[in-house]
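> A single structure is presented below for examination.
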Amino acid sequence: MHAFANPTRFLTLAKPLTFWFLALGLVLVICGSAYGLVYAPQDRLMGDSVRILYIHVPTVWLAMGGWTGIAVASIMQIVWRHPLASVAARAVAVPGALFTGLGLITGSIWARPTWGTWWVWDGRVTSVLVLFFLYLAYIALANASGDKGGVSRVAAIFGIVGAINIPIINRSVIWWNSLHQPASITTSGSTIDSAFLWPLMVNVLGFSFLFGAIVLMRMRAILAQTKVEARLKRMAAE
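For the sequence shown, the residue numbers in the working numbering are 56 to 293.
This is how it looks when you write it as structure tokens:
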């Protein structure tokens, strides 16, 4: 990763990747959603309400993946002092919070016909809500940082400590008596019928590409802002 420590070198890769990630993401999400919403069969128990699965699962997956990315970038910032690690962590925070919010909203919509209520203090739901607040706290810490091109060491430590919530989200349906169904996809296989599984996997991949495109765009914007601020400082000093 240190090969791309130079912002100029990183941008030569980030610019084309942003386009391809965005294009692939849009194509996959449109195809997966169209098939899932129109052609996939109804669920035997949940009927048409199961179709929100194709939005809910990818958003929650990326909510967890986004904070994992923040934690990894924070470790790289503190341990290896990678110059772009803090920029990457800062870039992930806002889309991570957005996808977490979407996961909570779609989960609430799905809960209404399934559980008979919009909200329950279920272990999985509550731990994802905690993740949303962690994102907001991280964004506040990052914005309060003196280094506008990245995040402070305090924010980086917070990013690492906050990762404790990720395994809690993952194992919550096992550790507590949960209304939320257990994991349908594990290392041992999937309990989801292929008619639902394939469009779901297409959407997970598509949303992942879109998430990656947003992160790259934010990293490019942060680097551009940092460059402009440095230029203005030099002009002011002359």
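Every residue gets a Cβ at the ideal spot worked out from N, C-alpha and C, and that includes glycine.
Computed from a predicted structure; not experimentally measured.
#1: Within 10 angstroms of the Cβ of Y109, are there 16 or more other Cβ atoms? Answer buried if so, exposed if not.
#2: Give the straight-line distance between the Cα atoms of D98 and P168, rounded to the nearest whole angstrom.
#3: For D248, which beta-bridge partners are listed by DSSP?
#4: So within the region 93-175, which uninterrupted alpha helix (DSSP H) runs reach at least 4 residues, ignoring any that extend past its ends?
#5: Compute the beta-carbon to beta-carbon distance between I219 and A152, rounded to the nearest angstrom, for a pair I have assumed lies under 8 Å.
#6: Is the beta carbon of L77 less than 9 Å from the beta carbon of L196?
#7: Would G87 pass as a contact of P254 if the rule is Cβ separation under 9 Å?
#8: Ignore the nearest five residues each way along the sequence and tell me which others in T114's own chain have a CB closer than 8 Å to its CB.
#9: Cβ of F65 within 9 Å of Cβ of L260?
#10: Nearest to I133 by CA position, among V228, I247, V209, V93, is which residue?
#11: Beta-carbon separation of G217 and I130 under 9 Å?
#12: Between which two residues does the alpha helix (DSSP H) carrying A192 extend?
#13: Going by DSSP, what residue range makes up the alpha helix (DSSP H) through S227?
#14: Taking A69 as part of the alpha helix (DSSP H), name the residues at either end of that continuous run.
#15: Within 10 angstroms of its Cβ, does P96 collect 16 or more other Cβ (buried), or is it exposed?
#16: On the three-state DSSP scale, how would you describe S263?
#17: Start and end of the alpha helix (DSSP H) containing V216?
#18: Reducing DSSP to helix, strand and coil, say where L271 ends up.
#19: Using 10 angstroms around the beta-carbon of M290, count the other beta-carbons present and answer buried if the total reaches 16, otherwise exposed.
#20: Exposed or buried, which one is R179 when buried takes at least 16 other CB atoms within 10 Å?
#21: Which residues in the same chain as L186 place their Cβ atom closer than 7 Å to its Cβ, once the five residues preceding and following it in sequence are excluded?
#22: Going by other Cβ atoms of all chains shown within 10 Å of its Cβ, with 16 needed for buried, is R286 buried or exposed?
Short version:
#1: On the sequence shown, position 54 is the one that residue 109 refers to. Result: buried.
#2: Taking the first residue of the sequence shown as position 1, residue 98 is located at position 43. Taking the first residue of the sequence shown as position 1, residue 168 is located at position 113. When rounded, the distance between both Cα atoms is 13 Å.
#3: Start at 1 with the first residue of the sequence shown, and residue 248 comes out as number 193. DSSP, once it has assigned bridges, lists no residue as partnering D248.
#4: 108-130, 140-170
#5: As a working mapping, residue 219 is identified with position 164 in the sequence shown. As a working mapping, residue 152 is identified with position 97 in the sequence shown. I219 to A152, Cβ: 18 Å. No contact.
#6: The residue labelled residue 77 in the question sits at position 22 within the sequence shown. The residue labelled residue 196 in the question sits at position 141 within the sequence shown. Taking 9 Å as the Cβ cut-off, L77 and L196 do not qualify as a contacting pair.
#7: Here residue 87 corresponds to residue number 32 of the sequence shown, with the count starting at 1. Here residue 254 corresponds to residue number 199 of the sequence shown, with the count starting at 1. The answer is yes: Cβ separation under 9 Å.
#8: Taking the first residue of the sequence shown as position 1, residue 114 is located at position 59. Taken in chain order, the residues that qualify are F154, T155, L157, G158, T161, F262.
#9: If you number the sequence shown from 1, residue 65 lands on position 10. If you number the sequence shown from 1, residue 260 lands on position 205. No, Cβ-Cβ distance for F65 and L260 is not below 9 Å.
#10: As a working mapping, residue 133 is identified with position 78 in the sequence shown. Of V228, I247, V209, V93, the residue nearest in Cα terms is V209.
#11: As a first step, residue 217 is located in the sequence shown; it is residue number 162 there, counting from the start. As a first step, residue 130 is located in the sequence shown; it is residue number 75 there, counting from the start. No, the Cβ-Cβ distance between G217 and I130 is not below 9 Å.
#12: Within the sequence shown, the letter at position 137 stands for residue 192. Per DSSP, A192 belongs to the alpha helix (DSSP H) from 178-199.
#13: Counting from one through the sequence shown, the residue named residue 227 turns up at place 172. Element bounds for S227: 220-230.
#14: Residue 69 sits at position 14 when you count from the first residue of the sequence shown. Note, A69: alpha helix (DSSP H), 62-89.
#15: Reading the sequence shown from its first residue, position 41 is the one you call residue 96. So P96 ends up on the exposed side.
#16: For the purposes of this step, residue 263 is taken as the residue at position 208 of the sequence shown. S263 falls in the helix class under three-state DSSP.
#17: Within the sequence shown, numbered from 1, the residue matching residue 216 stands at position 161. Residues 208-216.
#18: Taking the sequence shown and counting its residues from 1, the one referred to as residue 271 is at position 216. Helix, per DSSP.
#19: On the sequence shown, residue 290 is found 235 positions in, with the first residue counted as 1. Under this definition M290 is an exposed residue.
#20: Counting from 1 along the sequence shown, the entry for residue 179 is found at position 124. Result: buried.
#21: Counting from one through the sequence shown, the residue named residue 186 turns up at place 131. Correct list, in chain order: A118, W122, T155, N220, I224.
#22: What you label residue 286 is simply residue 231 of the sequence shown in a count that begins at 1. Classification of R286: exposed, given that the 10 Å Cβ count is below 16.
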